[in-house]
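Remarks on the structure that follows.
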Amino acid sequence: MYQAGEVLNLILIDEMNEMLKEIADEIPEPFYAHLNGGVILSPKTVLHDDDVDGSLFTLGEYHHDNMGRYIVLYYGSFRETCAGMSRKTLYRKLKKTLLHEFTHHIESLAGERGLERRDAIEIAKYRRKMGL
């Protein structure tokens, strides 16, 4: 586990992967049903498609395509958005992101799109704020 006051200046991908494994182990096995590609920590830094000033990063994505169903979290995007955070805060943000993507997975299995709609509302708010 990580010390509460430990400040994050530089975290290696291997360290974040260990955090992610710890979080993933807490998620009950039934949530992994049909997630044939599992959870991947990509080294990429990904700007959101609607980004206008280099500050709107995509932290994670749920994919359901010809490769199957899988979750990708972006190490580089976390590095960009989490500098100066404590490890405890980063851990919580990583967990929140993973659970968000698992919600997309579970909703996809159920034929629901509630979280997609909420995400779209947040992006619309961002676009209005940016004058788009």
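Under the working numbering, think of the first position of the sequence shown as 451, with each following residue one higher. All residues carry an ideal CB built from backbone N, CA and C; glycine is no exception.
Inclusion of residue 506 and residue 498 in the CB contact set at 8 Å is warranted, their separation being smaller than that value. Annotated three-state conformation of residue 505 is coil, per DSSP. A residue is called buried when at least 16 other Cβ atoms come within 10 angstroms of its Cβ; residue 554 meets this threshold and is buried. DSSP places residue 562 outside both helix and strand once states are collapsed to three, so it counts as coil. Between residue 481 and residue 571, the C-beta gap is not smaller than 8 Å, which leaves the two residues out of contact.
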